[in-house]
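Trainee: The numbering of the sequence shown is the working numbering, which starts it at 9 and goes up by one.
Below you'll find the structure I mean.
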Amino acid sequence: MNTTNILSVRFFIKQYKAKNFRAPIYARITIEGKSADVSLKRTVEISNWSAETSQAKGSRDDARSINVHLDRIRTEISNVRLDIDKDPFSKAQSSNSN
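Set out below in structure tokens:
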């Protein structure tokens, strides 16, 4: 088993799905070159999104709330990956239970 598994989490908005100038926020999770996009069920004003930092711009309450949520999501994803790496059989067990 390769112990240097690569995990990447990037947040972005889908502007083409915007309604009333608010776009849905997505997480792109990439593990070992395979990626999946997941909707976070949150929206942000397009003008208040920074593509460079992958987070909401500004210090207003709504921007802070979104950024705290993104930090929590990133941490949860990282923790799940750490748990999988600690127990190499958990992946095999979950595959066998399907």
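Even glycine gets a Cβ: it sits at the ideal position worked out from N, Cα and C.
Fair warning: this is a prediction, and the values are worked out from it, not measured in the lab.
Going by beta carbon distance, what residues of the same chain come within less than 7 Å of V52, once the five residues before and after it are set aside?
Mentor: I21, R30, A31, I33, A64, I74.
Trainee: Roughly how many whole angstroms lie between the Cα atoms of S16 and K49?
Mentor: Each residue's Cα considered, the two are about 20 Å apart.
Trainee: Using only the alpha-carbon positions, how far apart do I37 and A71 sit?
Mentor: Cα to Cα, the separation comes out at about 22 Å.
Trainee: Taking the beta strand (DSSP E) that K42 belongs to, which residues open and close that run?
Mentor: Looking at the DSSP string, the run of the beta strand (DSSP E) that includes K42 is 42-53.
Trainee: Which of the three DSSP states is assigned to I85 in this structure?
Mentor: In the structure shown, I85 sits in a helix (DSSP, three-state: H, G or I).
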